[in-house]
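Protein chains in written order, with the working numbering: chain A, 24 to 313; chain B, 24 to 313; chain C, 24 to 313; chain D, 24 to 313. The structure under discussion appears below in the form of structure tokens.
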């Protein structure tokens, strides 16, 4: 029997220039569409009569950027998602994800892509008219040089880690928050950064919970936030063989392995998440040999 | 409120050499652990008394490789997962994923890592003794030069794609199948490859369904298989400006965007999946700007 | 016969924290060492008596960061390079490359790695006391929405490209400039950015030459600059099938292939480059299948 | 003054299918072109009258694949390179690099890209008719579990590395050999692999020299070979805290830093290398923060 399924065009790389007046503006988006619905026929019999081609989806992304402009990432994703479910036909649900990188202005027509951070918006629209909103970010790399401890953990036969009351804490924040469509991205981002900077950490889990709680507090429109925080280990280098002390001044930043700390903070009374946490992709290849 | 959460050491890169006799053998594994359970205290209060350090998890991986050897990836993952839940304490569920790359023999002590394919085994163990098995593979890149059509799809205002009765079909297979612990990896892999090669494709969805069905047919121990198949577009280059024909002989292999076709095939009467499809990681960054 | 050769420890990832006072500071460096000299014996006979272990080189990087601090990347590289050649022994030349990413301050002890740009410093020291300086940057991604033309190029049998008097121009700047050790990085970088932004481009080659010339003009200490500029094509999407115009507003940003435009601008009367452009690595794998 | 410069289309991804008869065949190439010559006018004045567009170069790659087929990578590169210099005009030298990945056959029309190795051919043609040939490979990952020692190296203040008479040796071979155009790729590759497997190593430098010498011995047409061998460290995990021995059985495969051992072996009386080792790209970004 056919199980869960979805399909669409992924990573359409759209650059949209606004050329009104002397000063141009620039948006740089990666747009991915996934449709689901009554698609038994194409799977079982190869009947494509219900399959809106992924090439058409790509064309729609470009055409909508011209017809309607981009607006906020959430608006653009919503317009596209509604289009695919409102067309009638087999599609009962459309998921549109937009990933944006920011460009800073060098001049009226020139820009530099100085940031490595990636902003994410995802909208899921259902045939009945309902819609769900997820916003977030990836690759927000942060580090604190102190105010981080880790001790009191259990010691079994395989435990060698020393307790510490002062360590470097570094991570690359991946966050997604579901909301009613009105949540401010910049307020959520500021809450994450301010809390990371100000929090005295007894564990990365505690920092994660504090960061998530701060977003819920700052953004009433947010129902739930999920965070994935790799613990990017910074090891104090042993310089004693060279007659040198090292009081948390010289570190080796290691690549692998890394701790992976993940968790959600949910507002009490939050509505049902609907399909927002349904897996996309169905198969995740997070870990791979290089 | 704290929502779903998990933590562990990811991507411990273990190489295990067996040195019995003149001919050595070699295993090359990436091991990732994720534990979940009663971890409210560490999130809310920073109390680490229940938190088995991820460093300890890493040590355990190395120690078990020495004490017990590796065996099959599934055996190794199961032994580790059971260890973490059987220790008592807060852990109610342990997820261990092993990703292996194969090495081919050059001599009694020398090897070449000729393959780019990655083999995956994932075992989830619960405190009560239950265990779930998922096996799979990633980066299995396949292509067929004909026997692939795509036509009969609907045409709306944004459709420009021409119908075709002969195209190149290429994909990088990611597959995961849940089973009772006894499924043969090589039989599942052979079913995927044989079906891809032999199937006359009317759409990638149909090929996906045929590949998944073939695995269920070949492997009675498999309950369900999930496939994620990027449609790696090969475009026929228009050589007419140069006075040349191009009857599906010269292609431009494009990078982005790509179709992403995903689906599951489930055996009738399959048991409940339990936690095997629960999201890991919680936040997926599949699409990102480069 | 043994030909050109060099060896060393690559990509030692050093993070150096200054903890003087309430406000900490942070440096994040990737340090790579390459030594060359009289190393016939190790190659031909496996005699390691002249081979300073690459592990020792790594230790030296960490120890020097503690003993002397980092200072400018050029100072740090020079101190290390001199150390390796002054030790006597077989080393006649030491090359030390430092790649730095910047962190911006969130608080007295907290930082965000907001930039994707990579700053490079490379110092080569010879046994006789001479030293050469190269500075530069990678991954400086820039784009202009207009002020770029491309026409007047020859047309042969295989030419289909239309002439244009208005296109998007985008590139990721890689630059290296050799200098006397006193050149200001920020002035060189500003000259690159300002010229890119202000230049009316008739070809990327012309823009390259203007950018390089501007650095020579702004920085008297610079003898020569080499630039490698991938032409990251932004194609105007044909929206006419959908009844829409597209006057340079909606673009597809393509990944591959790309133009690769490279060139040097040299100050008249510049001294001999010495070893600064000698190949490192000896074998370059710029282009590879993904 | 304008210094060294070159330009061209990089990474044209060509897939060529031969459809003669029932059994198809498949070639998968990444083709990069770099032209140099009298290009002062475009750099200094933006005059494009000598600039064969990189788009035209791409078209030529596809058209030649149709008109002449691919043949050996060296033949294909030579035909293209000669075309660009024989056209007259400003081009005095053309460099064409072809990187191929192999596909293995699944059926008459189906293939799997099982190997991760990349085969390289580079031909440089000069306007006068001369041509130079370089062949090689990248990403050939090899490992030996014993027959590798490292001791007798000097110990200074910063040396902590223990001597060893038995270690794991692992590397990813990058090799380029210049030859007269008639060298057999498979014989060169076999000489590299056989020597790596059979050689008792006292240092990676010694292994490098032995591998290079073996290629010169096996292939009379080869003048010189350059090898770049990262020493991918495999560290013996200390299991003594767990009451376990570890006699080279359990290893941590580390990512960074790594040793980078590079060298050339040159045949006595080899002709002048001409332009074959000229830098491409002009700026190498080998090391970068991730």
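The C-beta atom is built at its ideal place from N, Cα and C for all residues, glycine as well. Just so you know, these numbers come straight off a predicted model, no measurement behind them.
* To do: Could you confirm whether any beta carbon from chain C is found closer than 8 Å to the beta carbon of residue 184 (chain D)?
  => It does; some Cβ of chain C falls within 8 Å.
* Asked: Out of C:247, C:270, C:283, which has the shortest C-alpha to C-alpha gap to residue 256 (chain C)?
  -> Among C:247, C:270, C:283, the Cα nearest to that of residue 256 (chain C) belongs to C:283.
* Asked: Which same chain residues, not among the five before or five after residue 294 (chain C), have their C-beta less than 7 Å away from its C-beta?
  -> Taking residue 294 (chain C) as the centre and dropping the five residues before and after it, the same chain places the C-beta of 246 closer than 7 Å to its C-beta, in chain order.
* **residue 221 (chain C) - DSSP class collapsed to helix/strand/coil** => DSSP, read as helix, strand or coil, puts residue 221 (chain C) in helix.
* Please confirm if residue 170 (chain C) has its CB atom under 8 Å from at least one CB of chain B. => Chain B contact via Cβ: absent.
* Asked: Which residues, taken in chain order from the region 117-144 of chain D, show a beta carbon closer than 8 Å to some beta carbon of chain B?
  -> Those residues of the region 117-144 of chain D placed with their C-beta closer than 8 Å to a C-beta in chain B are 126, 129, 130, 132, 133, 134, 135, 136, 137, 138, 139, 140, ordered along the chain.
* From the DSSP output, in three-state form, read off residue 82 (chain C) for me. => Helix.
* Classify residue 151 (chain B) as buried or exposed, calling it buried when 16 or more other Cβ atoms lie within 10 Å of its own Cβ. => That one is exposed.
* To do: Determine, using beta carbons only, whether residue 90 (chain D) comes closer than 8 Å to chain B.
  => Cβ-Cβ to chain B under 8 Å: yes for residue 90 (chain D).
* Where residue 258 (chain D) falls, given that 16 or more other Cβ within 10 Å makes a residue buried -> That one is exposed.
* Asked: Which residue spans inside the region 36-88 of chain D form an unbroken beta strand (DSSP E) run of at least 3?
  -> Taking only runs of at least 3 residues, the beta strand (DSSP E) segments lying wholly in the region 36-88 of chain D are 48-60.
* Determine which residues of the region 153-179 of chain D have a Cβ less than 8 Å from any Cβ of chain B, and write them out in chain order. => Under the 8 Å Cβ criterion, the region 153-179 of chain D contributes 163, 164, 165, 166, 167, 168, 169, 170.
* Based on Cα-Cα distance, which residue from C:97, C:188, C:75 lies nearest to residue 111 (chain C)? -> Selected option, being the one with the closest Cα: C:75.
* To do: Tell me the start and end of each unbroken alpha helix (DSSP H) in the region 101-146 of chain D that is at least 4 residues and wholly inside, in chain order.
  => Counting whole runs of 4 or more residues, the region 101-146 of chain D contains no alpha helix (DSSP H) stretch at all.
* **residue 273 (chain D) vs residue 313 (chain B) beta-carbon contact at 8 Å** => At least 8 Å separates the beta-carbon of residue 273 (chain D) from that of residue 313 (chain B).
* Asked: Beta carbon of residue 142 (chain A), beta carbon of residue 120 (chain A): below 8 Å?
  -> The answer is no: Cβ separation not under 8 Å.
* Should residue 210 (chain C) be flagged as near chain D, meaning a C-beta pair shorter than 8 Å? -> It does not: the Cβ of residue 210 (chain C) has no partner Cβ on chain D nearer than 8 Å.
* To the nearest whole angstrom, what separates the beta carbons of residue 125 (chain A) and residue 165 (chain C), a pair I think is in contact under 8 Å? -> Not a contact, Cβ separation roughly 14 Å.
* To do: Measure the C-alpha to C-alpha separation of residue 41 (chain B) and residue 169 (chain D) and round it to an integer number of angstroms.
  => Spanning the two alpha carbons is a distance of roughly 11 Å.
* **chain B residues whose Cβ lies nearer than 9 Å to that of residue 198 (chain A)** => Neighbours of residue 198 (chain A) on chain B, chain order: 306.
* Name, please, each residue of chain A whose Cβ falls closer than 7 Å to the Cβ of residue 289 (chain B). => For a Cβ distance threshold of 7 Å, residue set 24, 26 of chain A lies close to residue 289 (chain B), ordered along the chain.
* Short Cβ contact (8 Å threshold) for residue 46 (chain A) with residue 177 (chain A) -> Taking 8 Å as the cut-off, the beta carbon of residue 46 (chain A) is found no closer than this to the beta carbon of residue 177 (chain A).
* If you check the beta carbons only, do residue 280 (chain C) and residue 34 (chain D) fall under 8 Å apart? -> Inclusion of residue 280 (chain C) and residue 34 (chain D) in the CB contact set at 8 Å is warranted, their separation being smaller than that value.
* Is the beta carbon of residue 97 (chain A) less than 8 Å from the beta carbon of residue 61 (chain A)? -> Inclusion of residue 97 (chain A) and residue 61 (chain A) in the CB contact set at 8 Å is not warranted, their separation being larger than that value.
* Please confirm if the region 236-252 of chain C is in contact with the region 188-197 of chain C, defined as three or more CB-CB distances below 8 Å between the two stretches. => At 8 Å Cβ cutoff, the stretches touch.
* Of the residues A:224, A:223, A:202, A:270, the one placed nearest residue 238 (chain A), counting alpha carbons only -> Nearest option by C-alpha distance: A:202.
* Could I get the ranges of all uninterrupted beta strand (DSSP E) runs contained in the region 153-188 of chain B, with 3 residues as the minimum, in chain order? => Complete beta strand (DSSP E) runs here, min 3: 154-167.
* Simplified DSSP assignment, three categories, for residue 238 (chain A) -> Note: residue 238 (chain A) maps to helix in three-state DSSP.
* Asked: Going by the CB atoms, is the gap between residue 228 (chain A) and residue 159 (chain A) shorter than 8 Å?
  -> No, these two residues do not count as a Cβ contact at 8 Å.
* Looking at the unbroken beta strand (DSSP E) that takes in residue 285 (chain B), where does it start and where does it end? -> That run of the beta strand (DSSP E) goes 281-289.
* Leaving out five residues on either side along the sequence, give the residues of the same chain with a beta carbon under 6 Å from the beta carbon of residue 276 (chain D). => Closer than 6 Å at Cβ, skipping near neighbours: 257.
* Asked: Among A:310, A:307, A:188, A:288, which has the Cα closest to the Cα of residue 26 (chain B)?
  -> Residue 26 (chain B) has its Cα closest to that of A:288, out of A:310, A:307, A:188, A:288.
* Opposing strand residues paired with residue 202 (chain D) [DSSP bridges] -> For residue 202 (chain D), DSSP records a beta bridge to D:156, D:245.
* **Those residues which DSSP pairs with residue 194 (chain A) across a bridge** => A:165, per the DSSP bridge assignment.
* Asked: Using Cβ-Cβ distances below 7 Å, what residues of the region 270-300 of chain A are close to chain D?
  -> For the region 270-300 of chain A, the set of positions with a beta-carbon nearer than 7 Å to some beta-carbon of chain D reads 278, 279 in chain order.
* Limits of the beta strand (DSSP E) - the one that residue 259 (chain D) falls within -> Looking at the DSSP string, the run of the beta strand (DSSP E) that includes residue 259 (chain D) is 257-259.
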